[in-house]
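Participant:
Number of protein chains: 2
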Amino acid sequence: MTTLADPDTPFAVVDAAKVKRNIARLAAHVDGLGVPLRPHVKTIKSAEIAALIHDRGPITVSTLAEAEAFADAGYADILYAVGIDPHKLPRVAALKRRGVTLTVLLDSVEQARAVRAAGIPAVIEVDCDGHRGGVTIDDPALVEIGRILGETGVLVHAGESYFATTPDAQHKAAEHERDVAVAAAQRLRAAGVSVHTVSVGSTPTAHAATDLTGVTEVRAGNYVFFDLVMAGIGVCQLEDLALSVVVTVIGHRPEHGWIIIDGGWMALSRDLGNGRQGYGLVADLSGAVLPGLVMSAASQEHGTLTARDGVPLPDLPIGTRLRILPNHACATAAQHTGYHVVNHTSTGTTIDARWRRISGW
Amino acid sequence: MTTLADPDTPFAVVDAAKVKRNIARLAAHVDGLGVPLRPHVKTIKSAEIAALIHDRGPITVSTLAEAEAFADAGYADILYAVGIDPHKLPRVAALKRRGVTLTVLLDSVEQARAVRAAGIPAVIEVDCDGHRGGVTIDDPALVEIGRILGETGVLVHAGESYFATTPDAQHKAAEHERDVAVAAAQRLRAAGVSVHTVSVGSTPTAHAATDLTGVTEVRAGNYVFFDLVMAGIGVCQLEDLALSVVVTVIGHRPEHGWIIIDGGWMALSRDLGNGRQGYGLVADLSGAVLPGLVMSAASQEHGTLTARDGVPLPDLPIGTRLRILPNHACATAAQHTGYHVVNHTSTGTTIDARWRRISGW
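Chains A and B, in that order, are what the protein sequence lines are. So in our numbering the end of the first sequence lands on 361, straight run, no missing numbers. So in our numbering the end of the second sequence lands on 1361, straight run, no missing numbers.
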């Protein structure tokens, strides 16, 4: 029996029960709204975890490497949700020849002409909040692109919802995301374009939505693991965080109030999240958070723990193992080639599997 | 013939001529000071690049995975420069049985007892600037640890030199790093401890040192690639940066002054360096910097370019390829599984090799 005391640190741990609980929560919510989920696998990058959501159902990916790996795993309905570089179309066409429908995303006339010429399905990115890419709903390019494609869909991502700190603000972001998506689809349909897909989503808006009339699918990805950013805006609780990194105490600098660990930014990433807890909070091996302790600094393979909120620095001898709860699960998971999958039972925490992550582009 | 126009983006590029020039520069400098180099391979993580420094000479590593990979490549004198977790000693012992001397680092009595019991050579980390780990020179633990080990060395790393912004400040940091190392060795010798190694180094101090009397080896790692942080403090020039990430323009948001590229933090890392140029500066495929353009924002697979300093946003159509010069080479390189190695000639830039990176722990 392998436990969290066995592998050399640092390593990434996924709590199987929390993953299943997080998956079940969103599944129940979107089922209640009558809209299917197209999970974004960019956070998990694991076919084993995706299979817990829905075996070989529709998915969203962030790289062609993910698309190809999930095609190998039997997925045949994949949305590549990063604006398409026409240079990548040969790989999309190769997937099509294998019977995999890879739908690409675009927001320009140039891209639309290229994908139309290649016979690749595409949806149009529509911007709802000035977060990143997409045409705005009143941009004449929306209809122009739609007419080039003839048959298409619209995709909206409320990226700014990650900064919506109240349930009301998240609900408003969800309403707005849906309104923009439905209005864009309506505008295209009014211009004679066939619109088969109205896709919305982000982890905050997927959980906050209460009415998805006119929407055909919901995307979310981070929710499988959740993280301190999501807990910070109340989309989840600390005990829902399913990803952590196990580290070991390797030194003490009491004169500075520091405990040194063997996990730095290589293991946690450089993501500072909402800026409130350095590189992450600290838990013991059972997953219980150690109050007042924070990973305040990181170099490549070193982390520094400090105490705050008036809590004394705990006595953690050299060799003590801890779990760091990350700011941003997508970024921390990306630093690892796989996950040690644990189950907590009455007799302890055992590592029951090792699941590989997809990497590269 | 493969060029930078061929592989799908994003991908990491190493300029072979710049790597060789950076290596030759520091080699000449430390040769002139009469002290051998023990390069830190944590930045490059590539046996092919290490071979350009000195084939199978002494090296420094940041993980046991690096130690094992370099042992496989024929390196037999390796310093593991992260405080040792006693749980990792079996892997160190396994290397010893293969004839590889892996020297570990420590700064506590507990660690010293564990490595002494395991018969593993160790050097003592001595702190010179409150940057991270290490015993201070006046700490009684220094001699206590030395006596447990009997035979040892001292290692000092002037981590704060990365924030020394003038040649004079870097020179002072180098003098101080050496003074502390030599004094620590002297203190140990005065207590009857045999000190075989006096190891100093960081990329800024290795270049700024003018007198290394009493030092037995110099460590540096970042200098092979350099980056915007090092250019920012004047240790190198922008044209010395040997690592970049090739990306493609995938969208435009003229109303925001944005150009969208297909490289985000997954390709560049979340490292914001000195905070002066977002996620990096922008160059064309020949490596020439595009003045006033900066990668100002990043999500997982998207980057945003904006103009500053009154420079108009250049006309870069969809499909245009660019090279992003990173803030922190160690962190950006870590996001990739290998390097495309390029040579610039009068007829263009060709990809002549692909070198793999070591990953994990």
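Each residue gets a CB set at the ideal place from its N, CA and C atoms; glycine is no exception.
Taking only the alpha-carbon atoms, compute the straight-line gap between valine 1246 of chain B and aspartate 315 of chain A and give it to the nearest angstrom.
Facilitator: 47 Å
Participant: How many angstroms separate the CA atom of glutamate 1048 of chain B from the CA atom of tryptophan 1355 of chain B?
Facilitator: 7 Å
Participant: Do we get a CB-CB distance below 8 Å when we pair valine 1082 of chain B with the residues of chain A?
Facilitator: yes
Participant: Below 8 Å on the Cβ atoms is my guess for glycine 264 of chain A versus glycine 303 of chain A; work out the distance and round it to an integer in Å.
Facilitator: 5 Å
Participant: Tell me, please, whether the CB atom of histidine 1302 of chain B is closer than 8 Å to any CB atom in chain A?
Facilitator: yes
Participant: Taking the DSSP output, what are the residues bridged to asparagine 22 of chain A?
Facilitator: DSSP lists no partner for asparagine 22 of chain A.
Participant: Taking any Cβ of chain B, which residues in the stretch 83 to 95 of chain A have a Cβ under 8 Å from it, in chain order?
Facilitator: Gly83, Ile84, Asp85, Pro86, His87, Lys88 and Arg91
Participant: In this structure, does DSSP put aspartate 8 of chain A in helix, strand or coil?
Facilitator: coil
Participant: State the beta-bridge partners of isoleucine 1351 of chain B as determined by DSSP.
Facilitator: B:Thr1002 and B:Val1342
Participant: Looking at C-alpha atoms only, which residue of A:Leu37, A:Val218 and A:Met266 is the closest neighbour of tryptophan 1361 of chain B?
Facilitator: A:Met266
Participant: Could you tell me the distance, in whole angstroms, from the CA atom of leucine 142 of chain A to the CA atom of cysteine 128 of chain A?
Facilitator: 13 Å
Participant: Could you please give me the residues that DSSP links to alanine 1307 of chain B through a beta bridge?
Facilitator: Looking at the DSSP assignment, alanine 1307 of chain B forms a beta bridge with B:Leu1293.
Participant: CA-CA distance, serine 1202 of chain B and threonine 1165 of chain B?
Facilitator: Roughly 14 Å separates the two Cα atoms.
Participant: So, with DSSP's three-state summary, where would you put glycine 34 of chain A?
Facilitator: coil
Participant: Just grab the DSSP bridge partners of tryptophan 258 of chain A for me.
Facilitator: In the DSSP output, where bridge partners are listed per residue, tryptophan 258 of chain A has A:Arg253.
Participant: With leucine 241 of chain A as the anchor, note down where its beta strand (DSSP E) starts and where it stops.
Facilitator: It is not in any beta strand (DSSP E) - leucine 241 of chain A carries neither H nor E in the DSSP assignment.
Participant: At the level of alpha carbons, what is the spacing between proline 317 of chain A and glutamate 1175 of chain B?
Facilitator: Answer to the nearest angstrom: the Cα atoms are 34 Å apart.
Participant: I need the DSSP call for aspartate 1072 of chain B, collapsed to helix, strand or coil.
Facilitator: helix
Participant: Answer with buried or exposed for methionine 230 of chain A, where buried requires no fewer than 16 other C-beta atoms within 10 angstroms of its C-beta.
Facilitator: By the beta-carbon neighbour count (other beta carbons within 10 angstroms, threshold 16), methionine 230 of chain A is buried.
Participant: For phenylalanine 226 of chain A and alanine 209 of chain A, which I take to be in contact (beta-carbon distance under 8 Å), what is that distance rounded to the nearest angstrom?
Facilitator: Not really, about 17 Å apart at Cβ, beyond 8 Å.
Participant: Which first and last residues belong to the alpha helix (DSSP H) in which valine 1182 of chain B is found?
Facilitator: 1167 to 1190
Participant: List the residues of chain B that glutamine 111 of chain A touches, going by C-beta distances under 7 Å, in chain order.
Facilitator: Ile1318
Participant: Consult DSSP for tyrosine 162 of chain A and reduce its assignment to one of helix, strand or coil.
Facilitator: The three-state reading of DSSP puts tyrosine 162 of chain A in helix, counting H, G and I together.
Participant: Listing by chain order, which chain B residues have their CB less than 9 Å from the CB of threonine 9 of chain A?
Facilitator: Asp1085, His1087, Lys1088 and Trp1361
Participant: Does the stretch 1334 to 1341 of chain B come within contact of the stretch 1289 to 1300 of chain B, defined as at least 3 CB pairs closer than 8 Å?
Facilitator: no
Participant: Mind checking which residues open and close the alpha helix (DSSP H) that includes glutamate 144 of chain A?
Facilitator: 140 to 149
Participant: Could you tell me which residues DSSP pairs with leucine 285 of chain A in its beta bridges?
Facilitator: The partner list for leucine 285 of chain A (beta bridge, DSSP) is empty, contrary to what the question assumes.
Participant: Using 8 Å as the threshold, is the C-beta distance between valine 1195 of chain B and valine 1218 of chain B below it?
Facilitator: no
Participant: Since glycine 133 of chain A contacts glutamate 125 of chain A with CB under 8 Å, what's their CB separation in whole angstroms?
Facilitator: 5 Å
Participant: Short of 7 Å Cβ to Cβ, which residues in the stretch 262 to 281 of chain A face chain B?
Facilitator: Asp262, Trp265, Met266, Ser269, Arg270 and Asp271
Participant: Could you work out which residues of chain A lie near leucine 1064 of chain B, taking near to mean beta carbons separated by less than 9 Å?
Facilitator: Residues of chain A passing the Cβ test: Asp8.
Participant: What's the C-alpha gap between alanine 183 of chain A and lysine 20 of chain A?
Facilitator: 35 Å
Participant: Just mark glutamate 1066 of chain B as buried or exposed, buried being the case when its beta carbon has 16 or more other beta carbons within 10 Å.
Facilitator: buried
Participant: Please list the partners that alanine 1334 of chain B has in chain A, where partner means a Cβ-to-Cβ separation under 7 Å.
Facilitator: Met266
Participant: Could you name the residues of chain B that cysteine 330 of chain A contacts, counting a contact when the two beta carbons are closer than 7 Å?
Facilitator: Gln1300
Participant: Give the secondary structure of alanine 81 of chain A by DSSP, where H, G and I count as helix, E and B as strand, and everything else as coil.
Facilitator: In the displayed model, alanine 81 of chain A falls within a strand according to three-state DSSP.
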